[in-house]
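>
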Amino acid sequence: DTFKGSKYDLELENGDALTIPQKPGIVNVLGSVYNPTSIIYAKGKTVDFYLNTVGGPTPDAEEDEIYIIKANGTVISKTQKGSSGLAWDSETSRWVSSSFMSSKISPGDTILVPTKITRFVWKKELMDWTTILFQIAVAAGVVIAAF
């Protein structure tokens, strides 16, 4: 009766099956970390705890772009959450640090640490090489004309 008339009120037909999955008991830590793996969920632990458990971000990690994919599909990013501040925790009825690294993780969440992308600016490189070759040609022309 709780779902009656809501968007979750689905009509089942003959042959339909309703499967309710078990609550996941793991947290995935993926991307540019030393040991990308799944870790058994520990109640009340934070992003910082799980990152330290897998050895932390590697040198090529884009640490400012870390994000969490919650078990329900929503995403919380480091840029979205901000780097510092205070927030009211209604669970514990107290003010807590609201930094991204102190965000609590739930079972089934995934912490993703992206890799820095090194971009090769081919147009600038081509211009630099063209300028160098032009200057060599001019210098060679001057030397030939002088003798």
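The sequence shown begins at 2 in the working numbering and counts up by one. C-beta: ideal position from N, C-alpha, C; glycine also.
Nearest-angstrom Cα distance between M102 and T3?
Between M102 and T3, the C-alpha separation is close to 36 Å.
> Is it buried or exposed, D10, if we count other Cβ atoms within 10 angstroms and call 16 or more buried?
D10 should be labelled exposed.
> Relative to the alpha-carbon of K46, which residue among S104, G109, A138, A141 has its alpha-carbon at the smallest distance?
Considering only alpha carbons, the answer is S104.
> Which same chain residues end up closer than 8 Å to V76 when comparing Cβ atoms and leaving out the 5 residues on each side of it in sequence?
Same-chain partners within the cutoff: Y68, I69, I70.
> By alpha-carbon positions, which one of S100, D129, P108 ends up nearest to N29?
It is P108 whose Cα lies nearest to the Cα of N29.
> Could you name the residues of the same chain whose beta carbon sits closer than 8 Å to that of Y51, not counting the 5 residues immediately before and after it, in chain order?
V28, V30, I40, I106, I112, listed in sequence order.
> With a Cβ-Cβ cutoff of 9 Å, do V114 and S7 count as a contact?
Against a cut-off of 9 Å, the Cβ pair of S7 and V114 comes out as no contact.
> According to DSSP, is I133 part of a helix, a strand, or is it coil?
In this structure, I133 counts as helix in the three-state DSSP scheme.
> With H, G and I counted as helix, E and B as strand and the rest as coil, what does DSSP make of T47?
Three-state result, T47: strand.
> Based on Cα-Cα distance, which residue from G57, K44, P37 lies nearest to G26?
The shortest Cα separation from G26 among G57, K44, P37 belongs to K44.
> Could you give the first and the last residue of the continuous beta strand (DSSP E) run that contains L113?
Here the beta strand (DSSP E) through L113 covers 111-114.
> Excluding the five sequence neighbours on either side, which residues of its own chain have a C-beta within less than 7 Å of the C-beta of T54, listed in chain order?
The answer, listed in chain order, is I40.
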